[in-house]
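Undergrad: Handing you this structure, nothing more for now.
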Amino acid sequence: MVQRNVTAMATPFWLVRPRADGGCDYVSFLPDDGPPDAGTVEIREGSHLPPQMPLLKRRHRLGRAEAEARCMRLQKEGGYHSSEPLF
Numbered sequence: 000m001v002q003r004n005v006t007a008m009a010t011p012f013w014l015v016r017p018r019a020d021g022g023c024d025y026v027s028f029l030p031d032d033g034p035p036d037a038g039t040v041e042i043r044e045g046s047h048l049p050p051q052m053p054l055l056k057r058r059h060r061l062g063r064a065e066a067e068a069r070c071m072r073l074q075k076e077g078g079y080h081s082s083e084p085l086f
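Numbering follows numbering that gives the first Met the number 0, in which position 63 of the sequence shown is assigned residue number 62; successive positions increment by one, without gaps.
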């Protein structure tokens, strides 16, 4: 169930999708410092197969409202669910 809002994007947030090989794909949302209704969010996308080091595939920035929309889309359509930080 997706229950996020734009002000919630003011704190770090992780999404994880398990893979058949025992690893997982992850997306982390790391906000810039500043008020919750302004600024940008750094989005890091990658994969992890312990005990190997995580692999960072993409890194980009979006406005907080755009990051919130992406987070919701990944949960609804991409099979991701919220998670504690992996590392």
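Glycine residues also receive a C-beta, built at the ideal position from the N, C-alpha and C atoms.
1) In terms of residues, what are the limits of the beta strand (DSSP E) holding Leu73?
2) Whose C-alpha, out of Pro30, Gly21, Pro17 and Phe12, is nearest the C-alpha of Arg63?
3) Would Phe28 and Pro17 be called neighbours here (beta carbons separated by less than 8 Å)?
4) For Tyr25, list the residues DSSP reports as bridge partners.
5) Would Met8 and Val40 qualify as a contact pair, given that the criterion is a beta-carbon distance under 8 Å?
6) Let me check understanding here. Comparing Cα to Cα, which of Asp32, His59, Cys23 and Ala68 lies closest to Ser46?
TA: Per the coordinate set shown:
1) Where Leu73 is concerned, there is no enclosing beta strand (DSSP E), although the alpha helix (DSSP H) it sits in stretches over Arg63 to Glu76.
2) Pro30
3) no
4) Val15 and Gly45
5) yes
6) For the options Asp32, His59, Cys23 and Ala68, the alpha carbon positioned closest to that of Ser46 is the one of Cys23.
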